[in-house]
Each structure stands twice: as C-alpha cells, then as structure tokens.
Amino acid sequence: MDEIADEAQLLRPNLYRYFPSREALIAAALEREIEITNGIRREKIPLDGPVAGVLVESLVLGYEIHRTEEMTQLVVVKEMVEITASIVAGDELIMSAESDYWYPVLSYGRSRGEINDRLSDERIIRWFLASQVQLSTRTELLDHVARDAREFFADFIVPPVLSRP
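To get my numbering, take the position in the sequence shown, counting from 1, and add 2.
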C-alpha cells in the first residue's frame, strides 16, 4: 500500500479517505488501467481480417501495456497476487470494463463464424482475464511453454475460443 500511496502522491492514511479498503483501491486502479488499455487497443488494432489475429494482437498489446504500467505492477507483486486475482475473478466493474472492449471484437468474430458457438462472450472474456492475470503474475510459467507472450496467446489461449473447421 505504501508504494501505491507514493505513486498517487498521497500519504497512506489519505488513501482510505477515497477508498474504503485495499481491495476497492486495487479494483479502481485495475479498472482505470483497463479503460486506458481499451482505448489504446481501439486505436491500434482494427477489426479487420480473421478474428484470431485480432484476438492475439489485443491480448499481446494488453499484456505489454500492463507490464510497463507502474500501478499495475504494484498490484501484481507477490503480496498482492491473491487479492488481485480475487478482484479480477469477482468484480463486476472489472468485467464491465473488459467487456467494453471485448464484446465488439467477439461480435465481429461471431459475424464471421469464427467464434466457438458453445462459449458465451462472458466465458471467453473471463478466460482472457484469467490468462492475463496468470501471465502477468507468474511470467516464469512461460519459460518452457512458449518463446514469448505472443506465442503463448496464439497457441494456448485463443484457439479454444475459435470455431472448429
């Protein structure tokens, strides 16, 4: 919490004037970061061509942004991983912020017949969230599985959401 207070340029006790709990503060920081990331994704990744490429590029760009964002790094440090994972898994504002980006992308893919009909948009978005949290908090998991995040997303995260030929 001290690092977050420093980043916000506030004394730690003052954080609690604005947020009732550590969890509320982390959720607000994550929601803000997701909204910023969504804006960057919309600018850089057109809804054009096969949806698999759009999904991979979106996941990679989100991962790269989160790796460089100081506030996000503060909430994925070892002491905060459990709290962060719990928030991401259950906070509806986080899900809503993610959905703002992913619903149009998934709708585009569904219109092309490229998204697995057995999976709801909500399940897919939660799958993407879980994979991003896992990769952001445990980068060593990549070591023997993929060369980099792009390969990880392209080989393991995106294929299950695509329709099968």
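Where is the CB? At the ideal position from N, CA and C, for every residue including glycine.
Taking Cβ positions, are residue 60 and residue 116 nearer each other than 8 Å?
no
Taking the alpha helix (DSSP H) that residue 48 belongs to, which residues open and close that run?
That residue, residue 48, is in no alpha helix (DSSP H); it is neither H nor E in DSSP.
Where residue 1 sits in the DSSP three-state scheme:
The requested residue 1 does not occur in the structure, where the chain is confined to residues 3 to 167.
Is residue 110 close to chain B? Criterion is C-beta to C-beta, closer than 8 Å.
In the displayed structure, chain B is absent; only one protein chain is listed.
Does DSSP classify residue 164 as helix, strand or coil?
strand
With 16 other CB atoms within 10 Å as the buried threshold, where does residue 182 fall?
Residue 182 lies beyond the range of the chain shown here (3 to 167); nothing can be said about it.
Out of 94, 34, 62, 39, state which residue places its alpha-carbon closest to the alpha-carbon of residue 128.
94
Considering only their Cβ atoms, is the gap separating residue 40 from residue 123 smaller than 8 Å?
no
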